[in-house]
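Notes follow the structure.
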Amino acid sequence: MPAGVRLLFNEPVVLVGRGVRVLAPSGRRVERGPARVSGAEVTVGVDAAGDGTYRVIWRVIAQDTHPSQGAFAFSVGRTGAPPGSAASTGAPGVGPITGLILQAFARALHLVGYALSFGALAFRKMVLEPLALTGEETERRVWRLAGAGVVALLAAEPLALLAQTVSLSAGSGQPLDPEVLGGALDSSFGRVLAQRLGAALLLWVLVGAASARPARAAAAALVLGLALAFVDGEAAHAVGTRPSWLGLGLNTLHEAAMGAWVGGLVGLLSVWRVPTIAVRRVEIAVRTGRLAARSAVVLAATGAGMAVQHLRGPADLVATAYGETLAAKLILFLAALWLAWGAAQAAIDRRPRAWIREAAVLLTVLVLAGLLASLPPPV
Numbered sequence: 254m255p256a257g258v259r260l261l262f263n264e265p266v267v268l269v270g271r272g273v274r275v276l277a278p279s280g281r282r283v284e285r286g287p288a289r290v291s292g293a294e295v296t297v298g299v300d301a302a303g304d305g306t307y308r309v310i311w312r313v314i315a316q317d318t319h320p321s322q323g324a325f326a327f328s329v330g331r332t333g334a335p336p337g338s339a340a341s342t343g344a345p346g347v348g349p350i351t352g353l354i355l356q357a358f359a360r361a362l363h364l365v366g367y368a369l370s371f372g373a374l375a376f377r378k379m380v381l382e383p384l385a386l387t388g389e390e391t392e393r394r395v396w397r398l399a400g401a402g403v404v405a406l407l408a409a410e411p412l413a414l415l416a417q418t419v420s421l422s423a424g425s426g427q428p429l430d431p432e433v434l435g436g437a438l439d440s441s442f443g444r445v446l447a448q449r450l451g452a453a454l455l456l457w458v459l460v461g462a463a464s465a466r467p468a469r470a471a472a473a474a475l476v477l478g479l480a481l482a483f484v485d486g487e488a489a490h491a492v493g494t495r496p497s498w499l500g501l502g503l504n505t506l507h508e509a510a511m512g513a514w515v516g517g518l519v520g521l522l523s524v525w526r527v528p529t530i531a532v533r534r535v536e537i538a539v540r541t542g543r544l545a546a547r548s549a550v551v552l553a554a555t556g557a558g559m560a561v562q563h564l565r566g567p568a569d570l571v572a573t574a575y576g577e578t579l580a581a582k583l584i585l586f587l588a589a590l591w592l593a594w595g596a597a598q599a600a601i602d603r604r605p606r607a608w609i610r611e612a613a614v615l616l617t618v619l620v621l622a623g624l625l626a627s628l629p630p631p632v
């Protein structure tokens, strides 16, 4: 008779609620004491005294905040139908489709908020300030974008908590299990959620202070943006890479470059028709193009580095959901580069239409990035 059950994961985990349940053939719970966690290993004692098939149901949150649940059966003596709920008998590590969609949407909304807020302020710092184009109307429009970004950042976190709860509540009989909710808040996910909310609220304060000292508020916000990009790495696959400092560094640069490109493009469109901008459109378009080009180089380099960390080889690009999503993201990234090049060749008065198409493609890239961060990588 087995004295216990041992679960091995490929990264450190924390239990959610009871974490592990073991059901006897009669449906009675037979765990002996609470489950214990040691890094990537979870153990629990069992009283498997009778013959038959037992079911083990587990749910955890990984170090990178990824929710994971699953179930398997083992038999003692004779085999039979597994007892209890068939919760999570699909692929371990992938929650219900509703939970996955909510996770992807919450992550994408966070990235959009990051681009609108910190990216727009990077556009102000690197494009508008050097050209002395920080007049009242221009400032108002840029800080309005930053404010919209704050709203998106704040909205993303409750949605992310809902996504975690839905992903881990399958089979519990409750779509929003309070035990799961508490377990999520008491994990690495809860820590990152608090840090993200704190950053968004601090940015809100800086947006409010911008009318008095816009330059200082923008500089402080950009430092905050880099810090938030680093925090986001703790909720991404980067935190589970080896060495972790390299994964976190690549993720931070990747997100910051994304924000600069997308936010710079949206910022450019928002101020394009301001009278003081109209007479210097060529200069502002050139500087924004340089910002986008540098961002694209950083995105390509860091993206390649992260792909090497998370893929076993090129075959994963067509053999796994993670790889297929990454391949689609890469194709759209190349499409955005092509649109950006085409816009640079167009007459100055025709560029806004091309920029709108480029922004639409980049928005789709952000949606795929949210999905990519929600899927378990092959490595």
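Plus 253 on top of the position in the sequence shown (first one is 1) and you've got our numbering.
We put the CB at the ideal spot given by N, CA and C, even for glycine.
Burial state of P528 is exposed, judged by a 10 Å Cβ sphere holding fewer than 16 other Cβ atoms. With fewer than three CB-CB distances shorter than 8 Å, the segment 357-368 does not count as touching the segment 321-335. Its Cα nearest to that of A593, the residue R610 stands out among R610, A581, K582, E577. Here the segment 509-528 lies against the segment 474-489, with 3 or more beta-carbon pairs under 8 Å apart. Annotation for W311: the continuous beta strand (DSSP E) segment containing it runs 305-315. Contact between the segment 376-394 and the segment 449-460 is absent, with fewer than three C-beta pairs closer than 8 Å. For F358, the secondary structure class from DSSP, reduced to helix, strand or coil, is helix.
Two segments are said to touch when three or more pairs of C-beta atoms, one from each, lie closer than 8 Å; by this definition the segment 546-554 does not touch the segment 484-496.
At the C-beta level, P278 and P336 come within 9 Å of one another. For F327, the enclosing beta strand (DSSP E) covers residues 320-329.
One thing to note: R565 has its Cβ within 9 Å of the Cβ of V632. Check the Cα spacing between R308 and each of D430, E294, V273: the tightest is with V273.
Check the Cα spacing between R533 and each of G305, S441, L381, Q316: the tightest is with L381. Within the same chain, and ignoring the five residues on either side of A580 in sequence, the residues whose Cβ sits closer than 6 Å to its Cβ are L570.
Contact between A315 and Q356 does not hold, since their C-beta atoms are separated by about 13 Å, which reaches or exceeds 8 Å. Counted as a single uninterrupted DSSP element, the stretch harbouring G372 is not any beta strand (DSSP E), since DSSP gives it neither H nor E.
The shortest CA-to-CA distance from T318 to any of A301, R285, G443 is the one to G443. Note: G298 is bridge-paired with G257, R285 in the DSSP secondary-structure output. The DSSP-derived three-state label of V532 is coil. Per DSSP, G270 is one residue of the beta strand (DSSP E) stretching across 266-276. Minimum Cα-Cα distance from T351 among the listed residues S420, W498, L438 corresponds to S420.
When DSSP assignments are scanned along the segment 382-466, no uninterrupted stretch of beta strand (DSSP E) that is 3 or more residues long falls wholly within it. Annotation: the continuous alpha helix (DSSP H) that includes R610 extends over 604-627. Nearest to A531 by C-alpha distance, out of L384, S441, L438, is L384.
Within 10 angstroms of the beta-carbon of A463 lie 16 or more other beta-carbons, which makes it buried.
Residue burial is scored here from C-beta neighbours: E294 has fewer than 16 other C-beta atoms within 10 angstroms and is therefore classed as exposed.
Of the residues S497, G516, A488, W498, the one whose Cα lies closest to the Cα of R394 is G516.
DSSP places V290 in the strand class (E or B) of the three-state scheme. Judged by beta-carbon spacing, S370 lies within the 9 Å limit of L406, meaning their Cβ atoms are closer than that value.
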